[in-house]
Structures are given as structure tokens and as C-alpha cells.
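Residue numbers (my numbering): 1122 to 1415. For each residue, glycine too, the CB sits at the ideal point set by N, CA and C. Report on the structure given below.
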């Protein structure tokens, strides 16, 4: 089926970014012991919050974390549907890579244990300056397979995967989890990896996350009709430019043009404080593209 915007399906993505643990390999990692010993039992972001520990505790924490991951890797089992997903990607000549918060040694050991050939480039925490959910790790992974983040879909089983996808401008697929509160972050969710793989061969239009609310209110015909519309931003934007962009895009208008492609200066930026500081000095048209892609 040829699925056209504003609708979408992961099978139409040019590249796939795959999480490792819980998506391809099941290592049954349990971090509760580490949280209890180092973070007083609170649900800390293990890697991001390690800087709050003393130098001695940082060293011992990272050592224990790697040991835990290696222990899980020795007992790893393939996620049902994982091999079928890789086979589908190879058959379609779709580039893919793996992005994980785990150490590289544990990924390689687990892959050997389950008999899965890793792609040429994988991104463990050892290769990343910033790990998921930071968007940098996913952007670098996308470019390593010759694509921009917006051309890729991320397949993950945890909230950090979905948050990273949203922040980097990727589509997001949640698998292997029944977490209703996480679905707001994803474009689509599948209870099992096998469900996802089956859907790849039988694609049906999916409403992307950004149009979910307007679709619920107005329906499919509205989205099709609105996407055919073009809207020209007024020269004097009141309310502010960022408000116009958000409102028009939320209505599923397919084309946004500018009547005067002026450069955003400091005064205009102050009136549009949801804009990143680096938007100053850029044209309105380039700002609109970057802003709506984020």
C-alpha cells in the first residue's frame, strides 16, 4: 500500500535505529540493586546522575554496571521476532544501526550468545558522548548510515528511546511494552516485536503523533483536506511567529510559506522565546523548517 502524508507507516522509513536490550536481545537486566546501593533506592537516571556520586563511587558504580550487563549478556536470549526484523531490513535494503546505553562488550557478547550478526556500526555508551534520551546520540547514529534523523524511525522498548526519538525528530515505535502512559511519546505501539514485524508486511495508514488530537476531533477527511492547503505566514505576526507555526502545523496544514523571508534578529527572538538562541541570524523560512522538525 502506498501511504501518503499526512499518514505514515514505519515500513516507509528510509532507515531504522534499533535499541538493543529488550528489542533484539533479552538480558533481563535488573538495576534495582545498583539504585539501592548508589542512589538510595530512588529511580535515578543511572548514567546521567552518576556525576552526583563521589569519584570513588562513580568508579565502582560503572564497574558494577558493566559487570551486571556482562552477566545478563551471558544469559541472553533473542527477542521473538528480532531475527525476522533484521531479515526484513536486509531484504528491503534498508540501512539500520543499533543505539544502546549498554557497554559495547556486553552487546558483542550477547549478540554472539544469541547468534545475531551485528551491523557494521553500533553505538554503545562507549561510543557516545551523550546517551539516549539525549538527541545527539540518535542524530549521530542516523548520519552513520547516511541519513538525517527525520528520515529514520527508532524502535525501542523504553521511555528513554521514545524521548530521544522525539527530541531528535525521528519517528518512534514502541515494542514489547504495555505502558499506556508511554504511548503519548510514540507514533505507534505494538505489544510484541512479532506484531511489529507482521505489520511491516501488511502496512496500513497510521496517524502520526503530532496529528493525533486533530484526527480524534475531525477525522480522516479533515486531515487529507487540510494537508492539501497552503498557509502564508503574515509579515507581522501577532501572536508571535512560534505560535503561528505551532497552530498551523497542529491543524495539519501541509504547506507553510513566508511572504517576507526576513532574518530573525535579537528583538524578534525575544518575542519568540521558544526558539533556540542559534535561530538568531537565520531566515524565517529556515527557522520554520528547523522548528517544525523538532
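| query | result |
| --- | --- |
| Using C-beta distances below 8 Å, list every residue in its chain close to residue 1149, excluding the 5 sequence neighbours before and after it, in chain order. | 1193 and 1196 |
| With respect to the alpha helix (DSSP H) encompassing residue 1388, which residues constitute its N-terminal and C-terminal limits? | 1387-1391 |
| How about residue 1246 and residue 1225: do their beta carbons lie closer than 9 Å? | yes |
| If you follow the beta strand (DSSP E) that residue 1435 is in, where does it begin and where does it stop? | Because the chain here runs from 1122 to 1415, residue 1435 falls outside it and cannot be looked at. |
| Does the segment 1204-1218 come close enough to the segment 1226-1242 that 3 or more CB-CB pairs lie under 8 Å? | yes |
| Note down the Cα distance separating residue 1132 from residue 1211, rounded to an integer number of angstroms. | 13 Å |
| Relative to the C-alpha of residue 1202, which candidate in 1405, 1146 and 1157 has its C-alpha closest? | 1146 |
| Extract the residue ranges of the alpha helix (DSSP H) inside the segment 1353-1382, only unbroken runs of 4 or more that lie entirely within it. | 1362-1371 |
| So, helix, strand or coil for residue 1419, using DSSP? | Nothing in the structure corresponds to residue 1419, since the chain is present only between 1122 and 1415. |
| Identify, in the order they occur along the chain, each residue of the same chain with its Cβ nearer than 8 Å to the Cβ of residue 1294, setting aside the five sequence neighbours on each side. | 1131, 1274, 1275, 1276, 1277, 1307, 1308, 1309, 1310, 1311 and 1317 |
| Does the segment 1283-1302 come within contact of the segment 1249-1257, defined as at least 3 CB pairs closer than 8 Å? | yes |
| In the structure shown, what three-state DSSP assignment does residue 1136 receive? | strand |
| Report the option in 1189, 1138, 1129 and 1141 whose CA atom is closest to the CA atom of residue 1156. | 1189 |
| Under DSSP, the alpha helix (DSSP H) around residue 1187 begins and ends at which residues? | 1176-1195 |
| Can you look up residue 1276 in the DSSP assignment and give me helix, strand or coil? | strand |
| Should residue 1364 be labelled buried (16 or more other beta-carbon atoms within 10 Å of its own) or exposed? | exposed |
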